Amino acid sequence: MDQARFEQMVARLERESDASPRSYQLKVAALALLGFLILALIVGVAGFGLVLLAGIAVATLLTGGKALILLFKLGKLLLVLAIPLWLLVRSASQALFTRLPPPQGLELRRAEAPALFAAMDGMRRGMKGPRFHHVLVTDEMNAAVVQRPLFGLFGFPRNYLILGLPLLEALSAEEALAVVAHEYGHLAGSHSRFAAYIYRLRHSWGTIQAVAQQWQGWTGRPLQRIVGWYAPYFNAYTFVLARANEYQADAASAELVGAGVAASALKRVNISASQYDAFVESTLTTIRDLPAPPADLSAQWAARALQAPPAERAEQWLRRALERESQASDTHPVLRERLRALTGHAVSASELPAPVAASAALAWLGSGVAGLRETLQRQWHERVAQPWAQRHQELQTRLRRLEELEAMAEPDVDARIERLRLRIDLHPEIDHLPALVAFNAERPDTPLTLFLEGCVRLDQGDEGGIGVLERTIALDADATRPACEKIHAWLSQRADARAGAWADRWKERLAFEEDRSRQMHTLDLSHELRASGLGEAEIERAREVLRMGGEGVQRAFLARRVLPADPSIATYVLGLELTRWAAFRSKGPEIVKRLTDFEWPVHVFVCAMVDEHKALRTKLEALPGAQVVFR
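So, in structure tokens, the structure goes:
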């Protein structure tokens with residue numbers, strides 16, 4: 107099912123779910139039951155085949171005499187039939203029963219955070235849900251509830267509450283409880299237990315669909331088609347249910363803490379997430395000057411989180427979140443719809459949450475928060491110390507190179523372009539637009555510097571950057587995707603309706619590049635072949651490679667391939683006719699691998715003209731000048 111059809115189906119199913127939620131849940135339950143029947147069919151067919159083959163083998167053994175000779179002769183055939191059947195049984199069973207890995211984090215005990223556990227106890231009583239078996243603290247800007255059954259989809263579930271310390275540093279205790287209650291709402295109540303189960307089932311069918319792509323043979327292909335038909339439909343139906351359950355979880359949160367607190371928490375999470383991203387980004391800019399990561403990052407964020415950002419900046423972040431449009435891949439409704447459902451009216455970006463007097467981290471974790479900060483800080487430091495140091499050294503090397511370029515009295519064009527790039531990367535605090543404009547006025551057909559100018563203009567809020575990036579694409583089609591990404595991001599931040607067209611353009615270019623890459627790395631005998639047109643130096647290199655690694659090659663032919671996706675791409679095929687002795691010993695793959703490992707001056711697809719490439723010989727022999735004489 108393609109994306110457009112999926113989006114149309116989701117839109118139709120959402121209307122159906124809104125009209126009759128209970129009836130829709132019954133349909134999803136019936137669809138889930140059909141999925142189990144399909145899995146039973148897969149395991150049953152494969153299991154029956156294995157039993158049948160085993161029965162044939164046992165019956166043959168019991169007859170003795172000549173039957174044993176027959177069994178010996180048929181043993182390879184039985185093995186070939188049994189292996190795919192066994193793989194089908196194993197993959198289907200793994201999808202159902204393999205346990206997911208447990209969530210990772212610092213585990214909290216009740217004695218270490220009595221206020222937190224008291225809040226969780228109150229939430230559990232109020233929402234009548236299951237207990238938490240583990241409470242984990244992480245260094246992520248997030249909170250989540252995870253249910254991990256004992257055996258894949260089945261068994262006694264273990265419930266995990268995961269609290270991101272950076273998020274707790276930014277929220278009040280009431281807001282943090284609203285966030286956790288939303289996640290807990292997916293477990294509490296009969297409809298939510300069903301939703302949680304469907305969520306896990308969605309994950310399992312995603313795994314089965316991926317595994318099914320590898321099924322081959324007389325048993326695998328029919329079952330692969332069944333899975334390929336069912337999985338997209340199940341995904342679409344359960345996608346709608348997952349999105350609807352987000353509203354139910356919000357309502358459960360509001361029932362516990364109040365709609366006002368729940369709405370404030372939603373707004374604060376979005377503002378604080380942007381604030382945290384800006385904090386991390388500013389920290390990463392220090393890599394150029396600091397050889398090691400900061401040793402107090404957690405404490406820095408704790409202090410920053412309680413300082414309300416400037417109202418103008420907070421409104422900008424909240425407006426961006428409120429204006430975000432829903433995408434077909436979003437199981438969560440957009441923020442403005444969730445807030446409307448909670449408050450009953452449209453929320454403005456100027457309606458900022460009140461400042462936080464005391465963080466949930468302090469209220470829930472008390473004096474233990476300092477130790478958690480230190481532990482998470484140490485773990486983060488250990489993770490990033492090596493890549494930080496490597497990046498620091500790279501930037502220092504680039505700074506020295508920039509000093510060399512700055513010292514040049516009369517740099518050539520390439521040196522000037524390199525200098526502009528290094529200035530932009532290493533000194534973002536400087537306005538580089540005048541230098542880029544001057545260079546592009548002098549050399550208006552340089553795609554790289556035009557791209558840099560377009561990006562700088564957009565970063566400065568100048569819509570003229572879109573036109574500059576358009577010119578870049580016209581000069582170099584390979585700039586299409588990065589240019590589209592930049593324009594789409596800039597327009598999306600402003601909720602500009604034109605953003606969608608740039609996303610579509612990016613997708614079209616991606617599809618083209620994937621098709622071109624596929625054609626480059628596979629040999630389609632229906633594609634046109636032409637004389638190579640290579641110079642004597644390239645032909646001599648081909649002779650040299652064949653003399654060094656062409657043992658077992660009788661004749662070789664070199665031609666240019668014309669790719670339907672992009673005829674301008676220079677790609678070639680080297681067809682090898684093997685000696686009889688090499689062909690008899692099936693040395694083709696070994697010879698191809700040996701020749702491919704050499705360095706070629708052009709892109710070459712090397713293949714032995716046997717089996718599926720056998721017809722290539724006729725085409726190459728008919729092409730004048732294609733044979734490469736290397737002996």
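The sequence shown begins at 107 in my numbering and counts up by one.
Glycine is no exception: its CB is placed at the ideal position from the N, C-alpha and C atoms.
As the structure is a prediction and not an experimental result, all values here were calculated from the model.
query                                                                                                           : result
Asp610, buried or exposed, once every other Cβ within 10 Å from all chains shown has been counted against 16    : exposed
For Thr244, the nearest candidate out of Gly228, Met226, Glu480 and Ile144 (CA to CA)                           : Glu480
Helix, strand or coil at Leu726 [DSSP, three-state]                                                             : helix
Beta-carbon proximity of Val251 to Ala371, cut-off 7 angstroms                                                  : no
Coarse secondary structure for Phe238, derived from DSSP in three states                                        : coil
Spatial distance of Arg52 from Ser598 (CA atoms)                                                                : The structure shown does not extend to residue 52, since the chain is modelled only from 107 through 737, so no value can be given for it.
Alpha helix (DSSP H) segment containing Leu684, residue limits                                                  : That residue, Leu684, is in no alpha helix (DSSP H); its beta strand (DSSP E) goes Thr677 to Leu684.
Phe618 in three-state terms, based on DSSP                                                                      : helix
Nearest-angstrom Cβ-Cβ length linking Phe340 and Leu137, presumed shorter than 8 angstroms                      : 6 angstroms
Exposure label - Glu683; buried when at least 16 CB within 10 Å                                                 : buried
Of the listed residues Arg484, His292 and Gln381, nearest to Ala357 (C-alpha basis)                             : His292
Contact check, Arg622 vs Ala671, beta carbons under 7 angstroms                                                 : yes
Thr677 beta carbon less than 7 angstroms from that of Met626                                                    : yes
Rounded separation between Pro207 and Val241 - CA only                                                          : 16 angstroms
Distance, Glu275 Cα to Pro459 Cα                                                                                : 15 angstroms
C-alpha gap between Arg444 and Leu424, whole angstroms                                                          : 14 angstroms
Burial state of Glu620, where buried means 16 or more other Cβ atoms lie within 10 Å                            : exposed
Best match in Met233, Ala368 and Glu634 for proximity to Ala279 [C-alpha to C-alpha]                            : Ala368
Beta-carbon spacing of Val708, Ala648 below 7 angstroms                                                         : no
Cα-Cα separation between Gly731 and Glu696, rounded to whole angstroms                                          : 27 angstroms
Local conformation of His498 per DSSP, three classes                                                            : helix
Among Val710, Trp608, Trp470 and Ala463, nearest to Leu214 - alpha-carbon criterion                             : Trp470
Cα-Cα separation between Tyr266 and Ala580, rounded to whole angstroms                                          : 53 angstroms
Cβ shell of Pro415 (< 6 angstroms), same chain only, five flanking positions each side left out                 : Gln381
Assumed close pair Leu362, His498 - CB separation to whole angstroms, cut-off 8 angstroms                       : Wrong, their Cβ atoms sit about 47 angstroms apart, outside the cutoff.
Which residues DSSP lists as bridging Ala249, in chain order                                                    : Leu269
Test: Leu664 CB closer than 7 angstroms to a CB of chain C                                                      : Going by chain labels, chain C is absent from the structure shown, which holds only one protein chain.
Inter-residue CB distance, Leu729 and Ala665 (contact presumed, cutoff 8 angstroms)                             : 6 angstroms
Beta-carbon proximity check, Leu738 vs Gly658, cutoff 7 angstroms                                               : No information on residue 738 is available, as it lies outside the stretch 107 to 737 that the chain covers here.
For Thr244, the residue or residues it bridges with in DSSP                                                     : Gly270
Nearest neighbour of Asp630, chosen from Glu352, Trp608, Arg615 and Arg667 [CA to CA]                           : Arg667
C-beta contact flag for Ala249 and Gly270 at 7 angstroms                                                        : yes
Whole beta strand (DSSP E) elements within the segment 496 to 537, 3-residue minimum                            : none
At least three beta-carbon pairs within less than 8 angstroms, the segment 399 to 407 to the segment 480 to 495 : yes
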